[in-house]
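**Q**
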Amino acid sequence: MKQTFLPILLICIIVGCTPRSTISTLNDVDSYIMERPDSALQVIESMDRSLLKTERSRAHHALLHAMALDKNYIDVTDDSIAQVAVDYYSRRGPEKSKARAYYYLGLAYYYQQNYDKAILEFTKAEEVAETCDSLYLGMTKSIQA
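All residue numbers for the sequence shown refer to the numbering used here, where the first residue is 5 and numbers rise by one.
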């Protein structure tokens, strides 16, 4: 155990790992974002982003931020938040997060009135959501109607 723990600890110190408390906070927000989006947005916006040391934690934060803004009826025209999530989840998954990332990127383009890009992202979201996320499948089909 000590033989594997030490190298991992050294890698985390040198490269930088997201603290467990930050990961825990992101997971907590993920668990209640649909029921309490106002609280989720407050927590997400108050987080110290310098603690997001890994690409995965930055993507998770970005996806939750995009979700919380939308659930609080804040129309976001800046695609940079959702783009962080798409850049990560399009390569690594999980599929549910990938579908949601595409959806929120499409939504940003939709609010920019860049409908060609919006439809492209919504189509990607729909294709992925068909296999794993009926809620976002419905949301994607609804906005394209």
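Using N, Cα and C, we set each Cβ at its ideal position, and we do this for glycine too.
Bear in mind the structure is a predicted one, so any value in this text is a computation, not a measurement.
May I have the straight-line CA-CA distance separating Ile48 from Asp120, to the nearest angstrom?
**A** Using only the alpha carbons, I get a separation of about 30 Å.
**Q** When burial is assigned at 16 or more other CB atoms within 10 Å of the CB, is Asp83 buried or exposed?
**A** Label assigned to Asp83: buried.
**Q** According to DSSP, simplified to helix, strand and coil, what is Pro41?
**A** Of the three classes helix, strand and coil, the one that applies to Pro41 here is helix, per DSSP.
**Q** Leaving aside the five residues before and after Glu99 along the sequence, list all residues of the same chain whose C-beta is less than 8 Å from its C-beta, in chain order.
**A** Only Val132, Thr135, Cys136 and Asp137 meet the Cβ criterion.
**Q** Once DSSP output is grouped into helix, strand and coil, what is the label at Cys16?
**A** With a pLDDT of only 47 at Cys16, under 50, the local geometry of the prediction cannot be trusted, and no value is derived from it.
**Q** What are the boundary residues of the alpha helix (DSSP H) that includes Met71?
**A** Here the alpha helix (DSSP H) through Met71 covers Glu59 to Lys75.
**Q** Since Tyr2 and Asp91 are thought to touch, with beta carbons under 8 Å apart, how far apart are those beta carbons, to the nearest angstrom?
**A** The structure shown does not extend to residue 2, since the chain is modelled only from 5 through 149, so no value can be given for it.
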